[in-house]
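In our numbering, the protein residues as written are 182 to 397.
Report on the following structure.
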């Protein structure tokens, strides 16, 4: 801490240094209010067996947990802790836990009631066993019908129509490209009349023979 004054006093018995986590919980840690300007508290730490950084860390952790209050007045930073602060913190934590516990109990009772409602009408009986057997038989029959229906999927009218539509699209595309090939052949013959034999040889290599024609 680099503050000019502090209202925190940390008391520790003995000369041994304590880690910050022990300082928070150790019974020898206490805070008291004072209105006298003091030297920075980290200077008093080593005299009581507490390293300066431990003082800083402990005080900051207490501020973060709202167990110690902090205010800056001018160039001074004051820390203080009222006896009621810790009590209020504990009461708030207790009230929250009580509320959570109450909500959990309420939710538990709701779940138990819901479970009992689900069980109602499902008690073991001959009628129930008979209904379950009938349901199982219906499910097996339904599964068998689905398998049979899948075997005739290719004969489904919608599937057949979709195949016809796809054939029409492919037929139109093939004739369109055939027309493009004839147009290209005509352009080559007009542009390169002296290369007629070479062009015919090239056509044969790619599969364009004399019987190449539009699809009917």
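Here a beta-carbon is modelled for each residue, glycine too, at the ideal position from N, C-alpha and C.
Item	Value
C-alpha distance - residue 388 paired with residue 355, whole-angstrom precision	15 Å
Status (buried if at least 16 other CB within 10 Å, exposed otherwise) for residue 239	buried
Backbone CA spacing between residue 361 and residue 348 [nearest angstrom]	20 Å
At least three beta-carbon pairs within less than 8 Å, the segment 336 to 343 to the segment 377 to 385	no
Assumed close pair residue 248, residue 270 - CB separation to whole angstroms, cut-off 8 Å	6 Å
Residue 314 to residue 286 span [Cα, whole Å]	39 Å
Through-space distance from residue 295 to residue 261, alpha-carbon basis	52 Å
In DSSP terms, what residue 254 is bridged to	257
Distance between residue 280 and residue 297 (C-alpha atoms, nearest Å)	26 Å
Cut-off 7 Å between Cβ atoms - residues of its own chain near residue 268, not counting five sequence neighbours on either side	none
Residue 387 in three-state terms, based on DSSP	coil
Continuous alpha helix (DSSP H) stretch holding residue 272: start and end	264 to 300
Boundaries (first-last residue) of the alpha helix (DSSP H) holding residue 338	338 to 372
For residue 320, the first and last residue of its enclosing alpha helix (DSSP H)	307 to 332
Residue 336 CB to nearest heavy atom of the ligand GDP below 8 Å	This structure does not include the ligand GDP; it has no bound ligands of any sort.
Closest Cα partner of residue 359 within the set 324, 304, 246 and 392	392
Residue 381 - DSSP class collapsed to helix/strand/coil	helix
Whole-angstrom distance between residue 288 and residue 263, CA atom to CA atom	38 Å
Cβ-based neighbour list, residue 252, same chain, cut-off 7 Å, excluding 5 preceding and 5 following	259
Nonlocal neighbours in the same chain, by C-beta distance under 8 Å from residue 304, ignoring five residues either side	none
Of the listed residues 307, 337 and 266, nearest to residue 250 (C-alpha basis)	266
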